[in-house]
Amino acid sequence: PLVLVQEADPAKGGATLQALRGECPEDLQPDIFEKGWTHTIYMRVVEFQRVSLKTIVEAVLLCSPNYLNQTSLPLCVPGEPESQPLAFAKETMLWASPANAGAQVLAEEIATTFAGLTVSTAEAPGPATHMLLYLNEDSFSDARLADQVQQARKDKLKIVMAHENDPDLGGCLFSRFFEVTPQELIADGLYKDLARSCFPGRHHPVSLALLAKDLGATPARSGSVASMSRLSASIAEHGSRLFLKISRRSSA
2 PLVLVQEADP
12 AKGGATLQAL
22 RGECPEDLQP
32 DIFEKGWTHT
42 IYMRVVEFQR
52 VSLKTIVEAV
62 LLCSPNYLNQ
72 TSLPLCVPGE
82 PESQPLAFAK
92 ETMLWASPAN
102 AGAQVLAEEI
112 ATTFAGLTVS
122 TAEAPGPATH
132 MLLYLNEDSF
142 SDARLADQVQ
152 QARKDKLKIV
162 MAHENDPDLG
172 GCLFSRFFEV
182 TPQELIADGL
192 YKDLARSCFP
202 GRHHPVSLAL
212 LAKDLGATPA
222 RSGSVASMSR
232 LSASIAEHGS
242 RLFLKISRRS
252 SA
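Everything in the sequence shown is counted per the working numbering, starting at 2 for the first residue and increasing by one.
Given below as structure tokens:
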């Protein structure tokens, strides 16, 4: 059996799966990329790295005699964010500007996964406690967004940034934002704060949990089992999509 571990960092030889397939001898491509082998992207940020390592360990264990009849294993690491039941104890409203394409979808996904968060998609933040700045290849293509971010910073409205890494959703290198973001925002320190990476597949629930924490979510007390159930469902959903998605990309 094989486990496909894809390097994520271009500085360390990372590339897209399509590019890596192109470098592989043609006679080996079907056996490597079309057999449904477990695939993971190797991350170096610790919260995401754990997911990569768990995926590798699970694939190895499932080939061992004790687990041959199983298709998945409930592996977990103590303290991992995706296994923590989180909820919003304080009233929290997240503003997803209509000028920020993709922000509404992500904001609503966070609100669906973690109890106590409401989402506003109004033209102005109004009573919102936070603004979501969703960064992908289309960011700042709408000139209104730059003005809104500038005003939010002036008004001390907390901005939580999410950096999309899924190519299917316009994911791109972070360096692009230093080219498309108005220079006055860069000079004012917009990117001095950490932008949370949004990864697809099994890493996605970690992205959601870290964004929720940035918005003020805290470990849920008893009675908030629903949040944990929704996060577990998210983990299962994104894990089940992995094979189909990677098969599509490999055959592209």
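Positions of the beta carbon are idealized from the N, C-alpha and C atoms, including for glycine.
Taken through DSSP and simplified to helix, strand or coil, L5 comes out as strand. Contact check for D148 against G103 fails: the beta carbons are separated by 9 Å or more.
Between A153 and G117, the CB-CB gap reaches or exceeds 9 Å.
Within its own chain, the residues whose Cβ lies closer than 7 Å to the Cβ of C173, once the five positions on either side in sequence are excluded, are N137, E138, listed in chain order.
Per DSSP, the beta bridge partners of T219 are A88. It is roughly 17 Å from the alpha-carbon of A112 to the alpha-carbon of P128. Boundaries for R203: no alpha helix (DSSP H) harbours it, and the DSSP string shows neither H nor E there. The beta carbon of E185 lies closer than 8 Å to those of Q151 in the same chain, with the five residues before and after it left out. Per DSSP, the continuous alpha helix (DSSP H) segment holding T56 begins and ends at 47-62.
The residue among V61, E48, L29, V46 with its C-alpha nearest the C-alpha of H40 is V61. Here S121 carries a strand assignment [DSSP, helix/strand/coil]. A distance of 9 Å or more separates the beta carbons of A188 and A88.
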